[in-house]
Every structure is written in C-alpha cells, then in structure tokens.
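For the sequence shown, our numbering begins at -10 and goes up steadily by one.
Every residue, glycine too, gets a C-beta built ideally from N, C-alpha and C.
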Amino acid sequence: MMRGNYTRELDEVSLRIQNMGTQIGEAVEKTRIALENVDAKAARELIDGDEVFDQMNLEIEQECLNMVVLQAPVAGDWRRLASIMRMVADLERIADHCSDIAEYIIKLSQGDKVKLPVNFDNMFRLVIKMLDATVKAFIDLDTDAALKAAGKDDIQDDYFETTVEELVSLMREDPAHISQYVDYLMIAKYLERMSDHTTNLAEWIAYIAKGELTNVQ
C-alpha cells in the first residue's frame, strides 16, 4: 500500500512538471507576440504572471523533498526525484527569461519603434519547439527524442551569432537607435539561454532513463 501511494505521488509530480512545461511554452509564445507588437500592457502581465511559475517551482520541489524524507526511494525513483528538482529549476529560469524580456519590451515601448532582427521570430519559435518536444519526451521517458530536441540548440547558437552581427551593423548604420539595438542584443541572449535550459532538461531526462549524465552542449 505504501509503495502504491508513493508511486501515485511520483506520477502526480511528473504531471505537474508536464503542466508547468506546457504553461511556460505558452508564456514564451505570449512574449514573442508582446515583443512583435511592442505591447507594454502584455509585457506587464507576463511579469506579474511570473509569480505563478515561482510558486510551481517551490511546490514541486517541496513535494519531492517530502517524498525523500517520508518514503524510501529506490535507485531509479531517487534519480527521477533528483532530476525533477533540477528540471523544475531550469523551467523556472525559462519563465524568468520571459519576464526579463518583458522588462525590455516595456522599455522599448517608450521610444521609437525599430524593426526587429531578422531571426527573432525563428529564435522564439525554436525555443517553443524544443520545449514542447522535451516535455513530451519527459512524459514518454524517450531519451532519443529528448536529445534530438536538445541538438537543435546548435541552430539557436547560429541564430544568436547572426543576430549579434546584424545588430552590430545596425548600430554603425543607425547610431540614433543604439539603445534599442542594445536592448535587442540582451533579448537575443535571453532567447539563447532559454534554449540552453531546454537542453539541460533533455540531459536530466536521459539521466532518469539511463542513470548516466549526458552532456549534449
């Protein structure tokens, strides 16, 4: 009976990770739209909504710690609990970066509207695609799918490097809007970091499934 209850609790925590990942993917999409429209109101809503993800992080971590203290995890379950605690931290960081970008959207809304870098839309959509694939891989405990999603981080790195080069050129050509271009540079870095955190998720999925830490970066 105790083992049955423990297994159900572990499954419930996994479902909460799935739900958190799905909601954060939606937050990334809302961030993309807010930036595209330079929508300060939507940006403020994203910042206010970040508290929800902070609370999810705390609650999931607490549930995992309770199971460690009150139950007797076997090796495979211990790996799963430890990995979930690391995964929820990476998910929360992605949500934080949405909030960070929202701060820049508010700042950008107060000045001249400047055309977005060519690859910003691609960078946002790639984060969402990687995150969705990784969440599904976690549900299925599909290491191959998780690592395949993580492998797309190389594409994001290429987008980032191209965007940096584009912004440097624009700063030279249009010095009147250097402030906006610097803001775009910071946003590009946050997008690149989001993909890094998604890659971390894939590595923890591999650890749950195989018991081996895999570095795909």
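{"Item": "Alpha helix (DSSP H) segment containing V103, residue limits", "Value": "No alpha helix (DSSP H) holds V103; DSSP gives it neither H nor E."}
{"Item": "Between the CA atoms of E(-2) and M265 - distance to the nearest angstrom", "Value": "A question about residue 265 goes unanswered here, because the residues of the chain that appear run from -10 up to 206."}
{"Item": "Residue from G200, P106, D131 with nearest C-alpha to V171", "Value": "P106"}
{"Item": "Nearest neighbour of D143, chosen from E181, A165, I167, A135 [CA to CA]", "Value": "E181"}
{"Item": "Reduced DSSP category for S72 - H, G, I as helix; E, B as strand; rest coil", "Value": "helix"}
{"Item": "Backbone CA spacing between M74 and C53 [nearest angstrom]", "Value": "7 Å"}
{"Item": "Own chain residues within Cβ distance below 6 Å of K30, not counting five before or after", "Value": "none"}
{"Item": "From D43, L190, E15, G10, residue whose alpha carbon lies closest to that of F113", "Value": "E15"}
{"Item": "Buried or exposed (CB count within 10 angstroms, at least 16 for buried), S158", "Value": "exposed"}
{"Item": "Rounded C-alpha distance that separates I167 from E92", "Value": "18 Å"}
{"Item": "Residue burial classification, V58 (beta-carbon count within 10 angstroms, cutoff 16)", "Value": "exposed"}
{"Item": "Secondary structure of D37, DSSP reduced to three states", "Value": "helix"}
{"Item": "Where the alpha helix (DSSP H) through Q169 begins and ends", "Value": "167 to 199"}
{"Item": "Supposed close pair R208, I194 - CB separation, criterion 8 Å", "Value": "Past the boundaries of the shown model lies residue 208; the chain is included only from -10 to 206, so the question cannot be answered."}
{"Item": "Neighbourhood of D28 by C-beta, 8 Å cutoff - its chain only, sequence neighbours within 5 removed", "Value": "I22, I94, S98"}
{"Item": "Residue closest to A71, alpha-carbon to alpha-carbon, out of D89, D133, T20, I49", "Value": "I49"}
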